[in-house]
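S.K.:
This is the structure in structure tokens:
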């Protein structure tokens, strides 16, 4: 990091200002202004969420009569119970985990190695490889849908891997597509990140005779923990929220992940917005929790303590 | 430079990579490359091929040359509006949402109290699923009991925010920004945290004010983040699909290229060749941006 900064901003780039100007002391009033501004923006950002929570706690008849924006007579968690039991959300949550957990882990592992090879080993064709992956992730998903659908129908799997006997209509299809599609993004971000790591650490390891695997697994990867945590958070939420792939490659409704189940709920109860609100909040809760839990690690790691030495 | 060291080290051990290294490299580069070819590039190329054919997905595939493209540009009424909407989407995210995210990141990064709290709140929409965002749009903007119409007090003559084709695109772009701003902010925050505080202190001692410090010290060191944010902004705009599709299947003022592709490929008509032609248009535009960004990025990497 430090070396990186020195090469991009030399000391001479800073225009010297006449001596005697007081060093920056921010006036208190400016700080209040910032707080007011940020609070207002935050309020605007959470308002729709709070409204959904509020709506989900009130009976439908009440909001139908008085509108969503009215004082409540009665609050209860009934809609949450109903949404959870009526749509079998437990199964769908499990399906999501079956798809998202392996997809995130494999994606990060593969992407980390490619990024390492591209940015830390001076392999031939490294730049081309980086472009190949990065550009691949940036293609619109709709471009890939038809050929993949035809392909997956033609690939047979044994019964113990897929009860449909083909790659189509199996978790494997969705996991594979998610990995293949997301690897590119992770390669790009991780190679950006790895480029900022100090070269000296790796050079020392090479001198000590460390092989490629050791350089990757024991030396580079631990330094990437903050980036990996950030990417894991992002990737989990993306794969959790995705419904295009699952909708196209899974036909058995019992295998659908949770986001698509909200779609079902929407179809069944689309007039009862209060029930739909409860369902939406239930679907949103896991990703919000994941972010809040990983956030501490995420922010603490971003200062890259180890690279300053 | 690493390559010099690697070569020097290599000379000492007679070869740069041992046999074990080659196996590790082959496997761990081979698997992702193969996966990317099968899942991404192969299908993309196949779509290009299909765009020169007519196919209903079941019967025979007929080669029709450039007919699909000719029809698209000349006879398909939804095509040019979709292109316009996509361009507007890029402009809105790039000129409004992204700078706003940067502003929020800079403010949150100033070490004020509660910054963690602000940050969490602003990032919250990013983790929401599209189904939730689409639902909230209806809750807020609906005509019957929508909150916005209640607040501005025109319940007798409500504005149809999602149905009126002159305003619904703007509402959708706002909804998309709701998630985009937080995402951009978190990326910039990560970049800002990694800027050496000593540099800022040195600038402050030299008497630079906050604005000067930001534009002359901080912003130039954010270059890698800027590139990532730029790519994400353009690509997200070109890919925009989910929110629009959830609200009204991308009709009546919300036409986008991605919606047209889906309509033709998955819809009842199943004009796969024609849909693929639209996909290729979107693909070319995306790749155009991607290549420009990557070339710039690689040039930057070489300078560093």
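Chains as they are written, first to last, in this note's numbering: chain V, 3 to 311; chain F, 2 to 305.
Every residue gets a Cβ at the ideal spot worked out from N, C-alpha and C, and that includes glycine.
1. Quick one: what does DSSP say residue 26/V is sitting in, helix, strand or coil?
2. For residue 58/V versus residue 283/V, is the C-beta spacing smaller than 8 Å?
3. Could you name the residues of the same chain whose beta carbon sits closer than 6 Å to that of residue 178/F, not counting the 5 residues immediately before and after it, in chain order?
4. When Cβ atoms are compared, which residues of the segment 146-174 of chain V fall closer than 8 Å to chain F?
5. Taking only runs of the alpha helix (DSSP H) that begin and end inside the segment 112-184 of chain F, which ones reach a length of at least 4 residues, in chain order?
6. So, for residue 293/V: in the same chain, excluding its five sequence neighbours on each side, which residues have a beta-carbon less than 8 Å away from its beta-carbon?
7. Tell me whether residue 141/V sits in a helix, a strand or coil according to DSSP, three-state version.
8. Using a Cβ cut-off of 8 Å (strictly closer), state whether residue 94/V contacts chain F.
9. If we count Cβ pairs, one from each stretch, closer than 8 Å, do we get three or more for the segment 196-210 of chain V versus the segment 242-262 of chain V?
10. Taking the runs of the beta strand (DSSP E) that are 3 residues or longer, which of them lie wholly in the segment 18-101 of chain F?
11. Using the C-alpha atoms, what's the distance from residue 43/F back to residue 353/F?
12. At a Cβ threshold of 8 Å, is residue 29/V touching chain F?
13. Can you give me the C-alpha to C-alpha distance between residue 226/V and residue 205/F, rounded to a whole angstrom?
14. For residue 92/F, is the classification buried or exposed, using 16 other Cβ atoms within 10 angstroms of its Cβ as the cut-off for buried?
15. Residues of chain V with CB closer than 7 Å to the CB of residue 121/F, please, in chain order.
16. For a test of the three-state rule: what should DSSP assign to residue 168/V, helix, strand or coil?
17. Determine the direct distance from the alpha carbon of residue 37/V to that of residue 157/F, and round the result to whole angstroms.
18. Please go through the same chain and pick out, in chain order, the residues whose beta-carbon is closer than 6 Å to the beta-carbon of residue 192/F, but skip the five residues on each side of it.
19. At least one CB of chain V closer than 8 Å to the CB of residue 42/F: is that the case?
20. Flag this pair as touching only if the segment 213-230 of chain V and the segment 132-151 of chain V have three or more C-beta atom pairs under 8 Å; answer yes or no.
21. Less than 8 Å between the CB atoms is what I'm expecting for residue 290/V and residue 128/F, so what's the real figure, rounded?
22. Residues of chain V with CB closer than 9 Å to the CB of residue 136/F, please, in chain order.
23. If the cut is a Cβ gap below 7 Å, which residues of chain V does residue 19/F touch?
24. CB-CB under 7 Å to residue 248/V, same chain, minus the five flanking residues each way: which ones, in chain order?
25. Is the beta carbon of residue 221/V less than 8 Å from the beta carbon of residue 232/V?
26. Output needed in chain order: residues of the segment 125-141 of chain V with a Cβ under 9 Å from some Cβ in chain F.
27. Hey, would you say residue 26/F sits closer than 8 Å to residue 119/V, going by beta carbons?
28. Exposed or buried, which one is residue 2/V when buried takes at least 16 other CB atoms within 10 Å?
29. Mapping the DSSP letters down to three states, classify residue 244/V as helix, strand or coil.
30. Under the DSSP definition of a beta bridge, which residues are partnered with residue 158/V?
31. Between the alpha carbons of residue 92/V and residue 285/V, how many angstroms are there, rounded?
32. Check each residue of the segment 84-113 of chain V: if its Cβ is closer than 8 Å to any Cβ of chain F, include it; give the result in chain order.
33. Buried or exposed: where does residue 173/V fall if 16 or more other Cβ atoms within 10 Å of its Cβ makes it buried?
34. Does residue 226/V have its Cβ less than 8 Å from a Cβ in chain F?
35. Just the C-alpha distance for residue 165/V and residue 256/V, rounded to the nearest angstrom, thanks.
36. Based on Cα-Cα distance, which residue from 39/V, 88/V, 96/V and 143/V lies nearest to residue 277/F?
M.R.: According to the data block:
1. Because residue 26/V sits at a pLDDT of 46, beneath the cut-off of 50, its placement in the model cannot be relied upon, and the following sentence gives the value as read from the coordinates. The answer is coil: DSSP assigns residue 26/V none of H, G, I, E or B.
2. yes
3. 98
4. 146, 147, 148, 149, 150 and 153
5. 116-124, 131-142 and 148-152
6. 235 and 239
7. coil
8. no
9. no
10. none
11. With chain F covering only 2 through 305, there is no way to say anything about residue 353/F.
12. Confidence at residue 29/V is low in this model, with a pLDDT of 49, below 50, so the placement of that residue should be treated as unreliable; the coordinate-derived value is given next. With 8 Å as the cut-off, residue 29/V does not count as an interface residue toward chain F.
13. 31 Å
14. exposed
15. 294 and 297
16. strand
17. 38 Å
18. 223 and 226
19. yes
20. no
21. 6 Å
22. 54, 264, 268, 275, 278, 279, 281 and 282
23. 213
24. 176, 258, 259 and 262
25. no
26. 125, 129, 131, 132, 133, 134, 135, 136, 137, 138, 139, 140 and 141
27. yes
28. Because chain V is modelled from 3 through 311, residue 2/V falls outside the range shown and cannot be assessed.
29. coil
30. 168/V
31. 11 Å
32. 112 and 113
33. buried
34. no
35. 12 Å
36. 143/V
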